[in-house]
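A.B. asks: Residue 1 is where the sequence shown starts when you use UniProt numbering, and the numbers rise one by one after that. Before I ask anything, let me first share the structure, which is written out below as structure tokens.
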Amino acid sequence: MAVSNIVCEWLRALGLAQYAESFLDNGYDDLEICKQVGDPDLDAIGVENPAHRHKLLKSIRSLREKGAASVYFMLNDPNSLSGSMEILCETPPSNELELVLREQLETDGVRLTAHPYSTPVSV
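Dropping the structure here:
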């Protein structure tokens, strides 16, 4: 499949790119939608391998807890590009980058836990 979006990139970074077309065909074309994926959804998508299911569910839990921004950090992590010899750019350590982002968000008055950046979920 030639189409590339954030879900495809997320799956590629997890080493599970073979499921990209199935995710998209089943309507999982956005990370916010992917946060809702559970075991029945993985059945419908066709993820049968228990190790793949575990890896996906663990990453989905991380999406819920840390938000979609964690995926962008993962996608930009050169260590997640297995087998790739290409250096995309010089990046600071993730903890330094996180600190810089937090400071910039605070300076700009952006609260990621408030509307429109997040939606309250009733438990």
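For every residue, glycine included, the Cβ atom is placed at its ideal position computed from N, Cα and C. This structure is a prediction, so every number in the text was calculated from the model and none was measured.
1) Can you tell me whether LEU97 is buried or exposed, with buried defined as 16 or more other CB within 10 angstroms of its CB?
2) Out of curiosity, what's the CA-to-CA distance linking LYS58 and ALA114?
3) When DSSP labels each residue in this structure, what does ARG111 get in the three-state scheme?
4) Determine the DSSP secondary structure at ALA2, reduced to helix, strand or coil.
5) Whole angstroms are fine: how far does the CA of ALA20 sit from the CA of CYS34?
6) CB-CB under 7 Å to TYR28, same chain, minus the five flanking residues each way: which ones, in chain order?
7) Within the continuous alpha helix (DSSP H) that includes ALA44, where are the two ends?
C.D. replies: Straight from the coordinates:
1) Against the sequence shown, residue 97 aligns to sequence position 97. Per the 10 Å Cβ criterion, exposed.
2) By 1-based counting over the sequence shown, the position of residue 58 is 58. By 1-based counting over the sequence shown, the position of residue 114 is 114. If I take the Cα positions, the gap works out to 25 Å.
3) Here residue 111 refers to the residue found at position 111 when the sequence shown is read from its first residue. Three-state DSSP puts ARG111 in coil, outside helix and strand.
4) Translated into positions along the sequence shown, residue 2 becomes position 2. The pLDDT assigned to ALA2 is 44, lower than 50, so where the model puts this residue is not dependable, and the model offers no usable value.
5) As a working note, residue 34 is residue 34 in the sequence shown. As a working note, residue 20 is residue 20 in the sequence shown. Those two C-alpha atoms are separated by around 12 Å.
6) As a first step, residue 28 is located in the sequence shown; it is residue number 28 there, counting from the start. The residues are VAL7, CYS34 and VAL37.
7) Position 44 of the sequence shown holds residue 44. Run containing ALA44: 39–45, per the alpha helix (DSSP H) assignment.
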